[in-house]
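Heads up: the sequence shown begins at 4 in our numbering, then just goes up one per residue.
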Amino acid sequence: MEPQSSKLHRWITDWVEQLDKNKKCPFAKPAFDKNKMKTIMLNSIDAYHFWQNVSQEAEKFDDTYDVVIVAMDTDETIITPQQMQGGVDCANANFNSRNIDLWCLNLYNDLYTMALLQRLSKLDDASLQFEKKDYYKNQHPYMYNKHIKTRRNMRNRLTKT
Numbered sequence: 004m005e006p007q008s009s010k011l012h013r014w015i016t017d018w019v020e021q022l023d024k025n026k027k028c029p030f031a032k033p034a035f036d037k038n039k040m041k042t043i044m045l046n047s048i049d050a051y052h053f054w055q056n057v058s059q060e061a062e063k064f065d066d067t068y069d070v071v072i073v074a075m076d077t078d079e080t081i082i083t084p085q086q087m088q089g090g091v092d093c094a095n096a097n098f099n100s101r102n103i104d105l106w107c108l109n110l111y112n113d114l115y116t117m118a119l120l121q122r123l124s125k126l127d128d129a130s131l132q133f134e135k136k137d138y139y140k141n142q143h144p145y146m147y148n149k150h151i152k153t154r155r156n157m158r159n160r161l162t163k164t
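Quick look at the structure:
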């Protein structure tokens with residue numbers, strides 16, 4: 004039987020290829036190809052274990068990697084999609100209130116539940132480039148406000164970037 008970390012790596016490889024092919028994120032494949040993505044596959048027994056590991060990775064974030072992915076097998080008895088989104092929103096508010104240039108994104112599907120950590124300033128710089136190319140023109144207004152405008156406002160609250 005293939006180890007979970009190998010399955011996750013294969014899944015991320017395919018995901019990054021699709022992001023690149025569909026022009027969803029031009030930064031994912033270069034980061035992956037340059038080994039600038041760190042992946043941690045957990046055998047989480049509860050939500051606290053998952054978020055404890057996300058918190059530990061956030062505390063250690065030192066730009067060795069552009070993205071740190073903390074993942075577990077999706078199990079709605081541990082974390083539901085709504086809990087995941089709430090956890091990510093809470094993490095981002097926490098980073099921002101402590102003036103930490105870090106942002107947490109989430110990916111939740113049938114296979115994996117993932118928290119992706121990266122620099123807020125780099126993510127916002129990339130979104131500024133995307134805006135100049137009308138990348139977001141077809142995005143739902145709620146999603147644009149939540150994911151782009153709110154993130155930019157939070158970046159502007161930081162004193163270091």
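Note that beta-carbon positions come from the ideal geometry of N, C-alpha and C, so glycine has one too. Nothing here was measured: the structure is a model prediction, and the numbers come from that model.
- DSSP, read as helix, strand or coil, puts GLN55 in helix.
- Nearest C-alpha to PHE64 among PRO84, ASP92, CYS107, PHE53: CYS107.
- Counting C-beta pairs with one atom in each stretch, the segment 94-108 and the segment 74-82 have fewer than three that are closer than 8 Å, which means they do not touch.
- By the neighbour-count criterion, in which 16 or more other beta carbons inside 10 Å mark a residue as buried, GLU20 falls on the exposed side.
- Annotation: SER47 to GLN121 spans about 22 Å, alpha carbon to alpha carbon.
- DSSP, read as helix, strand or coil, puts THR16 in helix.
- According to the DSSP assignment, ASP92 belongs to the alpha helix (DSSP H) that extends over 84-100.
- When C-beta atoms of the segment 113-120 are compared with those of the segment 132-142, fewer than three pairs fall below 8 Å, so the two segments do not count as touching.
- Judged by their CB atoms, MET44 and LEU11 are nearer to each other than the 8 Å cut-off.
- For the options ASP92, LYS24, LYS152, the alpha carbon positioned closest to that of ALA118 is the one of ASP92.
- The Cβ-Cβ distance between MET157 and ASN95 falls below 8 Å.
- Looking at ILE15, ALA50, TYR68, the one whose alpha-carbon comes closest to that of GLN85 is ALA50.
- Nearest neighbour of ASP66 by Cα position, chosen from GLN55, ALA34, PHE53, THR83, turns out to be ALA34.
- A Cβ-Cβ separation of about 19 Å leaves THR42 out of contact with ILE81 under the 8 Å criterion.
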